[in-house]
Amino acid sequence: METEADPGKRLKVAIIGGGLCIYSVSRRYLNEVLLTAIEKNFNVNLHFSHRLISANLQEGSMTFQLTDTNETVHKKADLIIGADGAFSTVRRHFMKQPMFNFSQTYIEHGYVELCMPPGQDGEFAMKPNYLHVWPRGNFMMIALPNQDRSWTITLFMPLSDFEALDSPTRLLKFFSQHFPDSIPLIGKHQLVTDFFSTKPSTLLSIKCSPYHVGGSALIIGDAAHAMVPFYGQGMNAGFEDCRLLDQLILKYEDMPVALKEFSAVRNRDAEAICDLAMYNYLEMRDLVNRRSFLLRKKVDNLLFWLLPNIWVPLYLSVTFTDIGYRECMENKFWQDKSCRRIIPDVINAIKLPPFQYFLYLLELKKCHWGPDELLAKSSGHFCLTF
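Quick note: the sequence shown uses full-length UniProt numbering, first residue 1, plus one each step.
As structure tokens, then:
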């Protein structure tokens, strides 16, 4: 990751190593790949332009409306799986069931996407092997590379701040103050065009339980656990749902038992990644600027190098292992407790000047780490790395 802590000041922060990397895949491309694979299976039928308008989850009956003709179509199935996104219609019918718990939380921040075109030489305008982050405390901007050598730029900030940028003059002044190096790379005309071509999108987190109704209905993916995008795990969590469901159906060969077990096993992990994603925004936009964060990152990487089977940093365990999200979070809680004991001793051992040591302790106490929210029974302050 390359972060610009202050305008004109760049800092590289290693978040993964050992030959590992993360791929940013277009959802449109992924949908095309999946649809192509489905078409090769003769026992799968696709019906487009069908909008679900009602369902009886116990009986497995559904009523659809054809969006082009308004005709209604009735269908019946042994199992209804709602994978219809954060604003799921299937989940809305779940909410009519007794003992179904549901909560949704909008954050005060929204986002807009901008485009940084390739440079005049046709190559990337910035170093392509990094996640570029401009952390600015209460807001931030990130950049992800595309195959055509352009960059997708995403600006996250409070919706009220977006409302204040109501003219090209104010927008360019804002970027000149906070992201001056990005203006010549994006281009003033491109920046203004992209920014005012759409309204800021909102961000929300959804939790609910259980994910099943008897042996006849289930919700997965964003329909069950929508999350803010700051951990990059939304799509992956949906694929994990599919894998777990497949394993449980094969294991039990009894649909009601398999679906009940799915809800029990998956809910704890799904809620954990929703919480981690929510907190990671604070880390990306603010904590990466703090010396205590960078010191902790070095300690994590050193211990991972020395004890790879014992000490796995949170980001690596979430992104590159099959460890459940909840267990990853609990491991991090243990690591935080250990670091609170050993880091002061390490600093003393290398004889850091007392004044710098005092500043470190002061900053460490400012880093209010998420287990206070994520693990409600925990106490103390922590710094989360990624």
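Glycine residues also receive a C-beta, built at the ideal position from the N, C-alpha and C atoms.
Nothing here was measured: the structure is a model prediction, and the numbers come from that model.
Could you tell me how far apart the beta carbons of Leu172 and Pro200 are, in whole angstroms, since I believe they sit closer than 8 Å?
The count along the sequence shown starts at 1 and reaches residue 172 at position 172. The count along the sequence shown starts at 1 and reaches residue 200 at position 200. Contact doesn't hold; Cβ gap of about 18 Å is too wide.
Give the single residue among Glu271, Pro313, Arg27 whose Cα lies nearest to the Cα of Phe333.
Numbered from 1 along the sequence shown, position 333 holds the residue referred to as residue 333. Nearest of Glu271, Pro313, Arg27 to Phe333, Cα basis: Pro313.
Please return the same chain residues whose Cβ sits closer than 7 Å to the Cβ of Ser150, not counting the five positions on each side in sequence.
By one-based count along the sequence shown, residue 150 stands at place 150. Setting aside the 5 residues that flank it on each side, Ser150 is surrounded in the same chain by Cys115, Met116, Pro117, Pro118, each with a C-beta closer than 7 Å to its C-beta; the list follows chain order.
May I have the straight-line CA-CA distance separating Leu384 from Asn41, to the nearest angstrom?
The count along the sequence shown starts at 1 and reaches residue 384 at position 384. The count along the sequence shown starts at 1 and reaches residue 41 at position 41. Residue placement at Leu384 is flagged as unreliable, the pLDDT there being 31, under the threshold of 50; the coordinate-derived value follows with that caveat. Between Leu384 and Asn41, the C-alpha separation is close to 44 Å.
Between which residues of its own chain and Ser263 is the CB-CB distance below 6 Å, once the five residues before and five after are set aside?
Within the sequence shown, residue 263 is the residue found at index 263, counting from 1. For Ser263, where only same-chain residues beyond five positions count, the Cβ hits under 6 Å are Pro210, Tyr211, His212.
Suppose you measure from the CA of Lys365 to the CA of Ile342; what does that come to, to the nearest Å?
As a first step, residue 365 is located in the sequence shown; it is residue number 365 there, counting from the start. As a first step, residue 342 is located in the sequence shown; it is residue number 342 there, counting from the start. Low per-residue confidence applies at Lys365: pLDDT is 49, beneath 50, and the placement is therefore not dependable, though the value from the model is reported in the following sentence. In a straight line, the C-alpha of Lys365 is about 16 Å away from that of Ile342.
Looking at the structure shown, is Cys328 part of a helix, part of a strand, or coil, going by DSSP?
By 1-based counting over the sequence shown, the position of residue 328 is 328. Of the three classes helix, strand and coil, the one that applies to Cys328 here is helix, per DSSP.
Outcome for Ile220 when other beta-carbon atoms lying within 10 angstroms are tallied against a minimum of 16:
The residue given as residue 220 occupies position 220 in the sequence shown. Burial is judged here by how many other beta carbons sit within 10 angstroms of a residue's own beta carbon; Ile220 has at least 16 and is buried.
Please give the ranges of any beta strand (DSSP E) in the region 24-105, keeping only runs that are unbroken, at least 3 residues long and fully inside the region.
With a minimum length of 3 residues, the unbroken runs of beta strand (DSSP E) contained wholly in the region 24-105 fall at 50-56, 61-66, 72-76, 80-82.
Distance check for Tyr111 and residue 387, CA to CA, integer angstroms please.
Given a span of 1 to 386 for the chain in the structure shown, any question on residue 387 remains unanswerable.
Could you have a look at Pro256 and say whether DSSP puts it in helix, strand or coil?
Here the question's residue 256 lines up with position 256 in the sequence shown. Pro256: helix per DSSP, three-state reduction.
With DSSP run on the structure shown, which of helix, strand or coil describes Cys115?
Within the sequence shown, numbered from 1, the residue matching residue 115 stands at position 115. DSSP, reduced to helix, strand and coil, places Cys115 within a strand of the structure shown.
Ala125 in three-state terms, based on DSSP:
For the purposes of this step, residue 125 is taken as residue 125 along the sequence shown, with counting starting at 1. In this structure, Ala125 counts as coil in the three-state DSSP scheme.
Beta-carbon within less than 6 Å of His74's beta-carbon, same chain only, minus the 5 sequence neighbours each way: which residues are those?
By one-based count along the sequence shown, residue 74 stands at place 74. If the five residues before and after His74 are omitted, its C-beta is found closer than 6 Å to the C-beta atoms of Thr63, all from its own chain and listed in chain order.
Run through DSSP, which three-state label would Cys208 get?
In the sequence shown, residue 208 corresponds to position 208, counting from 1. In the structure shown, Cys208 sits in a strand (DSSP, three-state: E or B).
Consult DSSP for Pro135 and reduce its assignment to one of helix, strand or coil.
The residue you call residue 135 lines up with position 135 of the sequence shown. Of the three classes helix, strand and coil, the one that applies to Pro135 here is strand, per DSSP.
So what does DSSP say about Met227, is it helix, strand or coil?
For the purposes of this step, residue 227 is taken as residue 227 along the sequence shown, with counting starting at 1. DSSP, read as helix, strand or coil, puts Met227 in coil.
Rounded to whole angstroms, what's the CA-CA distance from Ser205 to Val299? Just pull it up for me.
Counting from one through the sequence shown, the residue named residue 205 turns up at place 205. Counting from one through the sequence shown, the residue named residue 299 turns up at place 299. Going by the C-alpha atoms only, they are around 32 Å apart.
Nonlocal neighbours in the same chain, by C-beta distance under 6 Å from residue 390, ignoring five residues either side
As shown, the chain starts at 1 and ends at 386. That puts residue 390 outside it, with no answer to give.
Trp134, buried or exposed, once every other Cβ within 10 Å from all chains shown has been counted against 16:
As a working note, residue 134 is residue 134 in the sequence shown. Classified as buried, Trp134 has 16 or more neighbouring CB atoms from the shown chains inside 10 Å of its CB.
When burial is assigned at 16 or more other CB atoms within 10 Å of the CB, is residue 388 buried or exposed?
This structure cannot settle anything about residue 388, because the visible part of the chain is limited to 1 through 386.
Can you give the Cα-Cα distance for Leu245 and Leu259, rounded to whole angstroms?
Looking up residue 245 in the sequence shown gives position 245. Looking up residue 259 in the sequence shown gives position 259. Going from the Cα of Leu245 to the Cα of Leu259 covers about 8 Å.
If you run the structure through DSSP and keep just helix, strand and coil, what is Ser197?
Position 197 of the sequence shown, counted from the start, is the residue given in the question as residue 197. Coil, per DSSP.
In terms of alpha-carbon separation, which member of Ala125, Val257, Gly234, Asn309 lies closest to Ile273?
In the sequence shown, counting from the first residue as 1, residue 273 sits at position 273. Distances from the alpha-carbon of Ile273 to those of Ala125, Val257, Gly234, Asn309 put Gly234 closest.
Is the beta carbon of Ser176 less than 8 Å from the beta carbon of Ile80?
Taking the first residue of the sequence shown as 1, we reach residue 176 at position 176. Taking the first residue of the sequence shown as 1, we reach residue 80 at position 80. Going by beta carbons, Ser176 and Ile80 fall outside the 8 Å limit.
Candidates Phe304, Gly214, Ile53, Thr198: which alpha carbon is nearest Arg92's?
In the sequence shown, the residue the question calls residue 92 occupies position 92. It is Ile53 whose Cα lies nearest to the Cα of Arg92.
Same chain, Cβ closer than 8 Å to Pro168, neighbours up to 5 away in sequence not counted
In the sequence shown, counting from the first residue as 1, residue 168 sits at position 168. Excluding sequence neighbours, Pro168 sits near Val192, Phe196.
Is Ile273 helix, strand or coil when you go by DSSP?
For this step, residue 273 is matched to residue 273 along the sequence shown. Of the three classes helix, strand and coil, the one that applies to Ile273 here is helix, per DSSP.
By how many angstroms is the C-alpha of Asn43 removed from the C-alpha of Ile107?
For this step, residue 107 is matched to residue 107 along the sequence shown. For this step, residue 43 is matched to residue 43 along the sequence shown. Annotation: Ile107 to Asn43 spans about 42 Å, alpha carbon to alpha carbon.
Let me confirm a value: Val228 is counted as buried when at least 16 other C-beta atoms fall within 10 Å, else exposed. Which label applies?
The count along the sequence shown starts at 1 and reaches residue 228 at position 228. By the neighbour-count rule (16 or more Cβ atoms within 10 Å), Val228 is buried.
Could you say which of Thr152, Arg170, Arg291, Phe162 lies nearest to Leu185 if we only look at CA atoms?
Position 185 of the sequence shown, counting from 1, holds the residue named residue 185. Leu185 has its Cα closest to that of Thr152, out of Thr152, Arg170, Arg291, Phe162.
Roughly how many whole angstroms lie between the Cα atoms of Thr198 and Met99?
The sequence position of residue 198 within the sequence shown is 198, counting from 1. The sequence position of residue 99 within the sequence shown is 99, counting from 1. It is roughly 40 Å from the alpha-carbon of Thr198 to the alpha-carbon of Met99.
Please state whether the Cβ-Cβ distance between Glu261 and Leu248 is less than 8 Å.
Within the sequence shown, residue 261 is the residue found at index 261, counting from 1. Within the sequence shown, residue 248 is the residue found at index 248, counting from 1. Contact check for Glu261 against Leu248 passes: the beta carbons are separated by less than 8 Å.
Beta strand (DSSP E) containing Ile219: first to last residue?
To locate residue 219, count along the sequence shown from 1; it is residue 219. Looking at the DSSP string, the run of the beta strand (DSSP E) that includes Ile219 is 217-219.
Is Gly110 helix, strand or coil when you go by DSSP?
As a working mapping, residue 110 is identified with position 110 in the sequence shown. Three-state result, Gly110: strand.
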